[in-house]
Amino acid sequence: MDDAWIRDLAESHWLVPLLFALVVGDAFFVVLPSETAVVALGALSATTGSPSLGVILPVAAAGAVVGDALCYLIGRRVGLDRWRWQRTGRIGATIAKMRIAVHRRTAVLLFTARYVPFARIAVNLAAGAGRVPLRRYLPLSAAAGVAWACYNVAIGAIVGNVLRDSPLLAIAVSIPIAIALGVTVDRAVALLDARRGAIEGLPDAGADRSS
1 MDDAWIRDLA ESHWLVPLLF ALVVGDAFFV VLPSETAVVA LGALSATTGS
51 PSLGVILPVA AAGAVVGDAL CYLIGRRVGL DRWRWQRTGR IGATIAKMRI
101 AVHRRTAVLL FTARYVPFAR IAVNLAAGAG RVPLRRYLPL SAAAGVAWAC
151 YNVAIGAIVG NVLRDSPLLA IAVSIPIAIA LGVTVDRAVA LLDARRGAIE
201 GLPDAGADRS S
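Here's what the structure looks like:
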């Protein structure tokens, strides 16, 4: 199969700015496939040499940090219940749990939530609304963004190195692997959070039924 078109795509000047915009936007709109894009470009870089991993990594990390910081600022400015989407659905439920926890476990929540789209939004909004100090929030957010970028780029690059002669196949294989790992991380975070809540005696559904 002729893959010249994908090599041309890899060298396009708009590809890296688009990646940055996509990652920033994913801080607010969970339907945007930022993880998928970062993984795909990692695989593309490993198979074609473009765009460089040295470019993808900092751009993805910068987009993650900027997006999360903007979400933090929204929480700081408008609080957690001004808009309906902040009170309903998965985001609303997660925000409710994060109101207190974000002060007690800021580092843990920022690092784990970076891999869980709905939790990512809730944690950053709660950190802003809860007035977590910026000097504490920003370094942790930056470290989480860099770790997230390294993780996703690494998945794509590893698969790309194995399938070096097949850029399209490398992308096609790396994306489902990343999705499967993402689901695993999501489940693991949920289990750890539930276990921690039980240990700390946080209220659960059973407490509500007994009242």
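Residue numbering for the sequence shown follows the UniProt record's numbering, beginning at 1 and increasing consecutively. Glycine residues also receive a C-beta, built at the ideal position from the N, C-alpha and C atoms.
Assignment of V162 by DSSP, reduced to helix, strand and coil, places it in the helix class.
The Cβ neighbour count for N152, taken over all protein chains shown within 10 Å, is at least 16; the residue is labelled buried. Looking only at T48, D26, V38, the smallest Cα-Cα distance to D165 is reached by T48. R114 counts as buried, since at least 16 other C-beta atoms from the protein chains shown sit within 10 angstroms of its C-beta. With a cutoff of 9 Å on beta-carbon distance, G128 and G67 are scored as not near each other. Within 10 angstroms of the beta-carbon of G54 lie fewer than 16 other beta-carbons, which makes it exposed.
For R105, there is no enclosing alpha helix (DSSP H), as DSSP marks it with neither H nor E. A contact is defined here as three or more CB-CB pairs under 8 Å, and the stretch 3–22 meets this definition with respect to the stretch 35–52. By the Cβ test, the stretch 103–112 is not in contact with the stretch 156–163, since fewer than three Cβ pairs between them sit closer than 8 Å. Counting along the chain, the unbroken alpha helix (DSSP H) around S45 starts and ends at 34–48.
With a threshold of 16 other beta carbon atoms within 10 Å, T184 falls short and is exposed.
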